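Here the structure is laid out as structure tokens; the discussion comes afterwards.
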Amino acid sequence: MSILDNYTPPPNPGDTLRRVLVIKLGALGDFMQALGAMRVVRATHPSARITLLTTEPFEAFAKACPYFDIVEADGRPRDIKGRTDLIRRLRAANYDMVYDFQNNDRTAQYFVGLTGKKPLWSGAAKGASHQHINPERAEMHNFDRLAEQLLHAGLGPKPPGDPTGWFIGQELTPSLDWVRPAFRDPPRFQPVRRAGRRMVAPVAGCSFQDLSRASLRSAETALGENFAMSTPRWMVTIRPFAQGCSARMWRAVKSELAITLSPRAITEL
């Protein structure tokens, strides 16, 4: 019998909380995919002051996001003193509940460091009040993992029209409707459809360490939509943008993209 069989999560306090902390340190793809869960937290605790603990690359974006009242960008200290100071600050903030969407050894140490009366905690840390107990959680897709974590935090999808935006029968996906007005309609990339032009197409994915055939197929499909009627004169430039992309992984990317595009049409920056 699975540990999840007949599991009943503890109730969520809802809009009775005053101080809530959300932890998401990175990386870029993971951060963006967590926006749906962050939206659910905001809608669940509309009266709370919600703080996001993140890192510097996401600070400006997070400050424009309507889900947070405070953004702290020092969530990944480089030394023991910095980590000790951070835990001391978290303890002094006296949060009522923490949603740990990072769920790694670092944030588990933050939980352990909150000595005394701990806040309610949603995450994988052992001893958490609303622990995500699935032992295979690391093998799950981000959307599925975040949805199950919220279920174990006493939350769940609602009927259409609910302010959480997480509806019964639908995935916990992010909404980016707020981005354009928040950043005053920034420039957008438009596909260039003239033959002979160079195209820059970043290959999407959370990280090349987690490179999967599915993510490559996603990139292939996106490119295929723009180049369905392409000719050999098309030149597509692909930038391997993630650090740590090995030569083997990059060859796998090009191999998958060649299904849609001629290998001669793929170059690198």
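If you're matching positions, the sequence shown starts at 1432 in the numbering used here and goes up one per residue. For every residue, glycine included, the Cβ atom is placed at its ideal position computed from N, Cα and C. Since we're looking at a predicted model, the values are computed, not measured.
Next item on the list: Please name the residue, chosen from P1594, L1459, K1455, that lies closest to V1502 on a Cα-to-Cα basis.
Entry: Locating residue 1502 in the sequence shown gives position 71, where the first residue counts as 1. Closest by alpha carbon: K1455.
Check: Tell me which same chain residues have a C-beta within less than 7 Å of the C-beta of Q1533, skipping the five on either side of it?
Finding: Position 102 of the sequence shown, counted from the first residue, corresponds to residue 1533. These residues qualify, in order along the chain: I1454, K1455, L1456.
Margin query: Taking the straight line between their C-alpha atoms, what separation do you get for P1588 and F1598?
Written below: Locating residue 1588 in the sequence shown gives position 157, counting from the first residue. Locating residue 1598 in the sequence shown gives position 167, counting from the first residue. Using only the alpha carbons, I get a separation of about 5 Å.
Margin query: Can you tell me whether H1583 is helix, strand or coil according to DSSP?
Written below: Here residue 1583 refers to the residue found at position 152 when the sequence shown is read from its first residue. In the structure shown, H1583 sits in a helix (DSSP, three-state: H, G or I).
Next item on the list: Could you name the residues of the same chain whose beta carbon sits closer than 8 Å to that of R1449, not counting the 5 residues immediately before and after it, in chain order?
Entry: Within the sequence shown, numbered from 1, the residue matching residue 1449 stands at position 18. The answer, listed in chain order, is S1478, A1479, R1480, D1527.
Item checked: Whole-number beta carbon distance between T1475 and N1443, since they are thought to touch under 8 Å -> As a first step, residue 1443 must be located in the sequence shown, where it is residue number 12. As a first step, residue 1475 must be located in the sequence shown, where it is residue number 44. Correct: roughly 7 Å between the Cβ atoms.
Check: What are the uninterrupted segments assigned as beta strand (DSSP E) that are 3 or more residues long and contained completely in the segment 1538-1581, given in chain order?
Finding: 1551-1554
Next item on the list: Entirely within the segment 1467-1521 and at least 4 residues each: give me those alpha helix (DSSP H) ranges in chain order.
Entry: 1490-1495
Next item on the list: Please check the pair S1560 and P1441, which I expect to be a contact at CB under 8 Å, by giving their CB distance rounded to whole angstroms.
Entry: Counted from its first residue, the sequence shown places residue 1560 at position 129. Counted from its first residue, the sequence shown places residue 1441 at position 10. The Cβ separation is near 6 Å, so the contact holds.
Margin query: Please classify V1529 as buried or exposed, where buried requires at least 16 neighbouring CB atoms within 10 angstroms.
Written below: For this step, residue 1529 is matched to residue 98 along the sequence shown. Flag for V1529 reads buried.
Notebook entry, point to check: Hey, would you say L1452 sits closer than 8 Å to L1484, going by beta carbons?
Noted result: As a working mapping, residue 1452 is identified with position 21 in the sequence shown. As a working mapping, residue 1484 is identified with position 53 in the sequence shown. Cβ distance < 8 Å, so L1452 and L1484 count as in contact.
Note to self: At the level of alpha carbons, what is the spacing between D1575 and E1602?
What the structure shows: In the sequence shown, residue 1575 corresponds to position 144, counting from 1. In the sequence shown, residue 1602 corresponds to position 171, counting from 1. Answer to the nearest angstrom: the Cα atoms are 8 Å apart.
Next item on the list: Could you tell me if G1558 is buried or exposed, where buried requires 16 or more neighbouring beta carbons within 10 angstroms of its beta carbon?
Entry: As a first step, residue 1558 is located in the sequence shown; it is residue number 127 there, counting from the start. Classification of G1558: exposed, given that the 10 Å Cβ count is below 16.
Checklist line | Check whether G1506 and T1486 have beta carbons under 8 Å apart | finding: Counted from its first residue, the sequence shown places residue 1506 at position 75. Counted from its first residue, the sequence shown places residue 1486 at position 55. In contact: G1506 and T1486 (Cβ atoms closer than 8 Å).
Check: Helix, strand or coil for D1593 per DSSP?
Finding: In the sequence shown, residue 1593 corresponds to position 162, counting from 1. In this structure, D1593 counts as coil in the three-state DSSP scheme.
Next item on the list: Determine the contact status of D1531 and S1553, defining contact as a CB-CB distance below 8 Å.
Entry: As a position in the sequence shown, residue 1531 is number 100, starting the count at 1. As a position in the sequence shown, residue 1553 is number 122, starting the count at 1. Yes, these two residues count as a Cβ contact at 8 Å.
Margin query: Please state the DSSP three-state secondary structure of A1659.
Written below: Along the sequence shown, one-based indexing puts residue 1659 at 228. Any reading at A1659 must be qualified, since the residue scores a pLDDT of 44, below 50, and its modelled position is unreliable; the value itself is stated next. Coil at A1659, not helix or strand.
Item checked: Beta-carbon spacing of R1701, L1551 below 8 Å -> Past the edges of the chain, shown from 1432 to 1700, lies residue 1701, and the structure says nothing about it.
Checklist line | C-alpha gap between C1496 and K1548, whole angstroms | finding: Walking along the sequence shown from the start, residue 1496 turns up at place 65. Walking along the sequence shown from the start, residue 1548 turns up at place 117. C-alpha separation (whole angstroms): 31 Å.
Check: Under the three-state reduction of DSSP, which class applies to L1452: helix, strand or coil?
Finding: For the purposes of this step, residue 1452 is taken as residue 21 along the sequence shown, with counting starting at 1. L1452 falls in the strand class under three-state DSSP.
Margin query: For V1610, tell me which candidate among A1555, L1466, V1472, A1539 has the shortest Cα-Cα distance.
Written below: As a working mapping, residue 1610 is identified with position 179 in the sequence shown. Answer by Cα proximity: L1466.
Note to self: With DSSP as the reference, identify every bridge partner of Y1530, one or two as the case may be.
What the structure shows: Taking the sequence shown and counting its residues from 1, one reaches residue 1530 at position 99. Answer is V1453, S1553.
Notebook entry, point to check: F1598 by DSSP, collapsed to three states: which one?
Noted result: Here the question's residue 1598 lines up with position 167 in the sequence shown. Note: F1598 maps to strand in three-state DSSP.
Next item on the list: Buried or exposed for N1565, please, with buried defined as at least 16 other CB atoms from any protein chain shown within 10 angstroms of its CB.
Entry: Against the sequence shown, residue 1565 aligns to sequence position 134. With 16 or more Cβ atoms within 10 Å of its Cβ, N1565 is classed as buried.
Checklist line | Presumed contact (8 Å Cβ cut-off) between L1701 and V1471, rounded CB distance | finding: Residue numbering for the chain in the displayed model covers 1432 to 1700; residue 1701 lies beyond these limits and cannot be assessed.
Next item on the list: Pick helix, strand or coil for Q1640, following the three-state DSSP scheme.
Entry: Counting from one through the sequence shown, the residue named residue 1640 turns up at place 209. Because Q1640 sits at a pLDDT of 49, beneath the cut-off of 50, its placement in the model cannot be relied upon, and the following sentence gives the value as read from the coordinates. Three-state DSSP puts Q1640 in a helix.
Item checked: Through-space distance from E1570 to L1716, alpha-carbon basis -> The requested residue 1716 is not part of the displayed model; the chain covers only 1432 to 1700.
Note to self: Please state the DSSP three-state secondary structure of V1610.
What the structure shows: If you number the sequence shown from 1, residue 1610 lands on position 179. Here V1610 sits in helix by DSSP.
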